[in-house]
Amino acid sequence: MGSTAHAASPGSAGGALAKLGFGERQVVQEIGWDSDVDDELRFAIEDLIGTELEDEDYGDVADAVLVWFRQGDDDLVDTLVDALTNLADAGFVVLLTPKAGHPDHVDASEIEEAAVTAGLHTAGGASVSTEWSSVRLVAPRGARR
């Protein structure tokens, strides 16, 4: 097989990623990429959606936005508002932050407060990485037009 498919186990990663809302043929924009991100997770998302992630400069409509955020990065509220710029009406944001006990961990209360300020609310999460926590953020029903 000459495929360059990544080594993501469809059963484990795919189920957790589907729980977050990722699916085939979605356009997913990525914000906050740096050398410390979980590349296996990125590859698993690309395998699931069937295309590469779009970068921060992407200017069209996205079905989802993947945000990597660390304590000490720019303001979380501003980052979440930026994530909404290209987001489709029924789209969602997946915020990834370093897990507790890791450098640059972001407290859950800070995430909740920033999400509410940005007009979002938490809608679950999934264990998708050993180093990063994930939370799915969506606009409250009826808030998007």
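Positions 30 to 174 (the working numbering) are the ones given, in order, by the sequence shown.
All residues carry an ideal CB built from backbone N, CA and C; glycine is no exception.
If you drop the 5 nearest sequence neighbours on each side, which residues of the same chain put their C-beta closer than 8 Å to that of A129?
S162.
What three-state label does DSSP hand A168 in the structure shown?
It is coil, neither helix nor strand.
Give me the Cα-Cα distance between I140 and H131, rounded to the nearest whole angstrom.
As the crow flies, the alpha-carbon of I140 is around 16 Å from that of H131.
Own chain partners of G50 with C-beta closer than 7 Å, once the 5 adjacent residues on each side are dropped
The answer, listed in chain order, is A93, F121, R165.
Here's a check: name, in chain order, each residue in its chain whose Cβ is nearer than 7 Å to the Cβ of R71, leaving out the five neighbours to either side.
Closer than 7 Å at Cβ, skipping near neighbours: L82.
With a threshold of 16 other CB atoms inside 10 Å of the CB of E59, please say whether the residue is buried or exposed.
The C-beta of E59 has 16 or more other C-beta atoms within 10 Å across all chains shown, which makes the residue buried.
Just the Cα atoms here: how many angstroms apart are V48 and A155?
The identity of residue 48 in the sequence shown is Lys, whereas the question assumes Val. Cα to Cα, the separation comes out at about 7 Å.
Does DSSP put S156 in a helix, in a strand, or in coil?
The answer is coil: DSSP assigns S156 none of H, G, I, E or B.
When the Cα atoms are used, what is the spatial distance from G153 to A45?
One C-alpha to the other measures close to 11 Å.
Restricting to Cα atoms, I'd like to know which of A137, D104, P169, T114 is closest to L149.
Of A137, D104, P169, T114, the smallest CA-CA separation from L149 is found for P169.
Residue span of the beta strand (DSSP E) that contains L82, given as start and end:
Premise fails: L82 is in no beta strand (DSSP E) and is neither H nor E.
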